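Protein chains in written order, with our numbering: chain A, 9 to 266; chain B, 9 to 266. Every residue gets a Cβ at the ideal spot worked out from N, C-alpha and C, and that includes glycine. Just so it is clear, the structure is predicted and the values come from calculations on it, not from any experiment. Read through the structure below, which is laid out as structure tokens, and then see the notes.
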DNA sequence: CAAAATCAAGCAAAGTCGTGCAAATATGTT
DNA sequence: AACATATTTGCACGACTTTGCTTGATTTTG
């Protein structure tokens with residue numbers, strides 16, 4: 009396993025779980041605890057996390073007096089968040105008044121919800137309780153929740169009950185969340201159940217739009233959802249290079265930067 | 009569990025409940041009381057809380073000696089929080105390993121969830137996305153969400169879809185939330201749709217337990233769910249007087265104070 | 001006052017950390 | 001291709017931290 013890849017995954021895990029336990033990761037990835045500790049040391053040096061005995065915590069949660077490293081870090085976080093937020097803003101503009109849309113789980117789609125205007129009148133169907141809670145604030149949006157067994161890693165419902173409920177709806181647009189976008193492999197996700205749900209959702213949607221932040225581009229996860237050209241649009245970061253974009257266009261995928 | 013993680017949770021719990029009881033946290037997190045006491049000692053050293061015999065209090069409460077009126081007000085708020093938390097604790101103890109329970113929406117039931125031990129293995133069915141999100145932290149609890157149209161005022165799903173999903177389940181215990189408890193009127197709530205859902209849930213549950221904080225007692229809301237004696241138990245505040253309790257017992261209602 | 005609960009201090013076991021070192025693997029140069 | 005240089009990784013070692021337990025003091029409660 010590559011060092012940079014590991015560091016990347018550490019930060020991702022920190023975002024997802026709010027904490028890092030060195031021993032857990034060493035077991036999970038079959039490397040020594042020393043290696044994880046070294047990674048944590050270096051990431052802490054860059055101000056990307058806070059080391060604690062046994063692992064690490066996000067710097068935001070850490071209650072430390074402002075250190076010189078903190079300024080640097082906050083700027084960097086803002087930057088990464090900013091491009092995700094841009095993506096969310098662009099996606100939010102695609103929802104027109106009166107439409108019925110399905111919003112998938114995931115942090116990128118959470119950004120979409122954050123950017124929805126409070127006055128928007130629309131119907132949002134979701135299988136993510138997190139998204140549903142975020143939409144309570146919007147008085148004009150009718151929210152419908154797809155029930156089922158809660159898959160905790162992604163915080164969305166899955167299983168037969170969810171599939172059954174999905175089969176009884178039709179939506180204008182489906183905002184699909186993915187963990188991997190790859191020109192040859194296609195769109196992919198980390199859980200088999202989820203991949204079935206995503207295909208079912210695509211089948212009942214007139215349009216499917218994928219929101220993929222830069223870190224998802226040119227990566228693949230275990231379970232393939234469909235090919236890139238099978239969705240109506242892939243929305244990604246402005247930071248992605250021209251040649252990368254072209255590799256997707258060669259596959260006739262409709263990929264757009266914002 | 010990481011030390012720093014635990015300290016953050018202590019401060020969070022202090023904000024939520026207005027007080028810390030060392031023994032309770034040691035039971036809930038399955039660490040020795042010494043460990044909790046050590047954490048409290050160190051947090052007190054940093055001035056983040058005020059140690060008291062048996063646990064800790066927020067520093068703000070202690071500092072308010074200056075304005076007598078404010079002490080009273082803040083103290084009352086803290087007290088109200090504390091008694092709600094007590095109710096949650098008592099209810100949490102009623103859930104036994106392996107059981108299948110339905111947890112209704114509402115702040116009192118949210119307190120129940122906060123007090124569930126992390127190691128509890130059980131199945132929780134809910135129609136509240138808020139409750140579902142709170143349970144993501146619990147690794148051993150299987151969460152099932154009842155889908156439907158989201159009723160925003162209470163943040164629970166309602167409607168035909170929800171009723172249909174409810175008709176297909178059976179639970180050991182239903183923790184019902186209400187907005188009114190009255191000896192003559194019975195149990196009531198503020199929304200018609202919700203009252204139907206609550207009756208349906210009661211019908212599929214072997215036991216129904218009502219959690220009612222002091223402010224609900226002897227009040228009535230527009231939509232009646234059922235009579236007080238039709239549920240297996242009504243759990244309420246220790247602050248309720250004996251004569252009030254007796255007025256319910258005369259109706260053969262099983263009301264208990266904690 | 002006396003029983004019960006809570007507390008602090010000290011101790012030992014287990015867990016975690018940093019440093020130095022050597023083997024394995026990449027990278028660059030001749 | 002052969003060699004030198006740099007990076008990465010796992011291991012060993014001693015130092016440090018955390019934790020639960022014991023003991024005896026202190027506080028609370030009836």
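So, are the CB atoms of residue 219 (chain B) and residue 183 (chain B) less than 8 Å apart? To locate residue 219 (chain B), count along the second chain from 1; it is residue 211. To locate residue 183 (chain B), count along the second chain from 1; it is residue 175. Their beta carbons are under 8 Å apart, which means residue 219 (chain B) touches residue 183 (chain B) by this criterion.
Identity of the residues DSSP links to residue 60 (chain B) by a beta bridge: Here residue 60 (chain B) is taken as the residue at index 52 of the second chain, counted from 1. Beta-bridge partners of residue 60 (chain B) (DSSP): B:63.
First and last residue of the uninterrupted beta strand (DSSP E) at residue 219 (chain A): As a working mapping, residue 219 (chain A) is identified with position 211 in the first chain. From DSSP, the beta strand (DSSP E) with residue 219 (chain A) extends over 213-220.
Heavy atom of the ligand MN within 7 Å of residue 243 (chain A) beta-carbon: Judged by which ligands are present, the structure shown has none, so any question about the ligand MN falls away.
Under a CB-based cut-off of 8 Å, is residue 13 (chain B) close to chain A? Here residue 13 (chain B) refers to the residue found at position 5 when the second chain is read from its first residue. True, the Cβ-Cβ gap to chain A drops below 8 Å.
Measuring CB atoms only, is the stretch 123-139 of chain B touching the stretch 26-39 of chain B, in the sense that at least three cross pairs come out at less than 8 Å? Enough Cβ pairs lie closer than 8 Å, so yes.
Evaluate contact between the stretch 207-223 of chain A and the stretch 172-192 of chain A, counting only Cβ atoms and requiring at least three cross-stretch pairs below 8 Å. Contact holds between the stretch 207-223 of chain A and the stretch 172-192 of chain A, because three or more Cβ pairs, one in each stretch, are under 8 Å apart.
Following the continuous beta strand (DSSP E) through residue 130 (chain B), name the residue where it begins and the one where it ends. Your numbering for residue 130 (chain B) matches position 122 in the second chain. It spans 130-134 - the beta strand (DSSP E) in which residue 130 (chain B) sits, taken as one unbroken run.
If we ignore side chains and look at the alpha-carbon of each, how far apart do residue 25 (chain A) and residue 160 (chain A) end up? The residue given as residue 25 (chain A) occupies position 17 in the first chain. The residue given as residue 160 (chain A) occupies position 152 in the first chain. Residue 25 (chain A) and residue 160 (chain A): Cα-Cα distance of roughly 11 Å.
Got a sec? Which residues, its chain only, sit under 6 Å from residue 52 (chain B) by beta carbon, not counting five neighbours each side? Sequence index remark: in the second chain, residue 52 (chain B) carries index 44 (1-based). Excluding the 5 residues flanking it on each side, residue 52 (chain B) has same chain C-beta neighbours closer than 6 Å at 59, in chain order.
How many whole angstroms separate the CB atoms of residue 179 (chain B) and residue 141 (chain B), which I take to be in contact at a CB cut-off of 8 Å? Here residue 179 (chain B) refers to the residue found at position 171 when the second chain is read from its first residue. Here residue 141 (chain B) refers to the residue found at position 133 when the second chain is read from its first residue. Rounded, the Cβ-Cβ distance is 20 Å, inconsistent with contact.
Leaving aside the five residues before and after residue 100 (chain B) along the sequence, list all residues of the same chain whose C-beta is less than 6 Å from its C-beta, in chain order. Translated into positions along the second chain, residue 100 (chain B) becomes position 92. Cβ within range, chain order: 120, 123, 124.
Sort A:165, A:193, A:228, A:251 by Cα distance to residue 204 (chain A) and report the nearest one. Sequence index remark: in the first chain, residue 204 (chain A) carries index 196 (1-based). It is A:165 whose Cα lies nearest to the Cα of residue 204 (chain A).
Just to confirm, are residue 252 (chain A) and residue 226 (chain A) a CB contact at a threshold of 8 Å? Residue numbering aside, residue 252 (chain A) sits at position 244 when the first chain is read from its first letter. Residue numbering aside, residue 226 (chain A) sits at position 218 when the first chain is read from its first letter. Yes, they are a contact pair.
Proximal residues of chain B, C-beta to C-beta of residue 157 (chain A) below 9 Å: On the first chain, position 149 is the one that residue 157 (chain A) refers to. 150, 151, 152, 153, listed in chain order.
Between residue 266 (chain B) and residue 98 (chain B), which are expected to be in contact by the criterion C-beta below 8 Å, what is the C-beta distance as a whole number of angstroms? Looking up residue 266 (chain B) in the second chain gives position 258. Looking up residue 98 (chain B) in the second chain gives position 90. With 8 Å as the limit, residue 266 (chain B) and residue 98 (chain B) qualify as a contact, their Cβ atoms being about 4 Å apart.
Could you please tell me which residues of the stretch 136-150 of chain A, in chain order, have their CB closer than 8 Å to any CB of chain B? From the stretch 136-150 of chain A, only 137, 138, 140, 141, 143, 144, 147, 150 have a Cβ closer than 8 Å to chain B.
Which residues, in chain order, does the stretch 120-135 of chain A contribute to contact with chain B at a C-beta distance below 7 Å? For the stretch 120-135 of chain A, which is checked against every Cβ of chain B, not one residue is closer than 7 Å.
Could you check which residue in A:250, A:239, A:167, A:245 has the C-alpha nearest to that of residue 262 (chain A)? Locating residue 262 (chain A) in the first chain gives position 254, where the first residue counts as 1. Distances from the CA of residue 262 (chain A) to each of A:250, A:239, A:167, A:245 were compared; the closest alpha carbon is that of A:239.
Classify residue 112 (chain B) as buried or exposed, calling it buried when 16 or more other Cβ atoms lie within 10 Å of its own Cβ. Here residue 112 (chain B) corresponds to residue number 104 of the second chain, with the count starting at 1. Classification for residue 112 (chain B): buried.
For the stretch 27-53 of chain A, enumerate the residues whose C-beta is nearer than 7 Å to any C-beta of chain B, in chain order. Hits within the stretch, in order: 27, 29.
Straight-line CA distance for residue 20 (chain B) to residue 95 (chain A)? One-based indexing of the second chain puts residue 20 (chain B) at position 12. One-based indexing of the first chain puts residue 95 (chain A) at position 87. About 32 Å.
By Cβ distance below 7 Å, which residues in the same chain neighbour residue 76 (chain B) in space, the five residues on each side in sequence not counted? Here the question's residue 76 (chain B) lines up with position 68 in the second chain. Any reading at residue 76 (chain B) must be qualified, since the residue scores a pLDDT of 42, below 50, and its modelled position is unreliable; no value is offered.
Does the separation of the CB atoms of residue 150 (chain A) and residue 15 (chain B) fall below 8 Å? Against the first chain, residue 150 (chain A) aligns to sequence position 142. Against the second chain, residue 15 (chain B) aligns to sequence position 7. The answer is no: Cβ separation not under 8 Å.
Where residue 259 (chain A) falls, given that 16 or more other Cβ within 10 Å makes a residue buried: One-based indexing of the first chain puts residue 259 (chain A) at position 251. Around the Cβ of residue 259 (chain A), a 10 Å sphere holds fewer than 16 other Cβ atoms; the residue is exposed.
Which two residues bound the contiguous beta strand (DSSP E) that contains residue 150 (chain B)? Locating residue 150 (chain B) in the second chain gives position 142, counting from the first residue. Residue 150 (chain B): member of the beta strand (DSSP E) spanning 149-153, first to last residue.
Out of A:115, A:131, A:191, point me to the one whose CA is closest to residue 147 (chain A)'s CA. Counting from one through the first chain, the residue named residue 147 (chain A) turns up at place 139. Of A:115, A:131, A:191, the residue nearest in Cα terms is A:131.
Do you know how far the Cα of residue 152 (chain B) is from the Cα of residue 145 (chain B)? Counted from its first residue, the second chain places residue 145 (chain B) at position 137. Counted from its first residue, the second chain places residue 152 (chain B) at position 144. The alpha-carbon separation between residue 145 (chain B) and residue 152 (chain B) amounts to approximately 14 Å.
Would the beta-carbon of residue 279 (chain B) fall within 8 Å of that of residue 233 (chain B)? Residue numbering for chain B in the displayed model covers 9 to 266; residue 279 (chain B) lies beyond these limits and cannot be assessed.
Pick from A:91, A:162, A:189, A:155 that is closest to residue 175 (chain A), judged by C-alpha positions: One-based indexing of the first chain puts residue 175 (chain A) at position 167. Among A:91, A:162, A:189, A:155, the Cα nearest to that of residue 175 (chain A) is on A:155.
Spatially closest choice to residue 245 (chain B) from B:67, B:46, B:93, B:57, by CA coordinates: Your numbering for residue 245 (chain B) matches position 237 in the second chain. Residue 245 (chain B) has its Cα closest to that of B:93, out of B:67, B:46, B:93, B:57.
Kindly give me the distance between the Cβ atoms of residue 302 (chain A) and residue 177 (chain A), rounded to whole angstroms, as I take these residues to be in contact under 8 Å. Residue 302 (chain A) lies beyond the residue range present for chain A, which begins at 9 and ends at 266; the question has no answer from this structure.
With a cut-off of 8 Å, does the C-beta of residue 191 (chain B) fall near any C-beta of chain A? Along the second chain, one-based indexing puts residue 191 (chain B) at 183. Not closer than 8 Å to any Cβ of chain A, the Cβ of residue 191 (chain B) fails to qualify, so no.
On the DSSP letters alone, give me the boundaries of the alpha helix (DSSP H) that residue 47 (chain B) sits inside. Residue mapping note: residue 47 (chain B) aligns to position 39 of the second chain, counting from 1. Where residue 47 (chain B) is concerned, the enclosing alpha helix (DSSP H) starts and stops at 41-53.
DSSP three-state label for residue 84 (chain B), please. The count along the second chain starts at 1 and reaches residue 84 (chain B) at position 76. At residue 84 (chain B), the pLDDT of 49 sits below 50, so the modelled position is not reliable; the number obtained from the coordinates is stated separately. Residue state, collapsed to three classes: helix.
How many Å lie between residue 163 (chain A) and residue 135 (chain A) at the Cα? Here residue 163 (chain A) corresponds to residue number 155 of the first chain, with the count starting at 1. Here residue 135 (chain A) corresponds to residue number 127 of the first chain, with the count starting at 1. Rounded to the nearest angstrom, the two C-alpha atoms are 9 Å apart.
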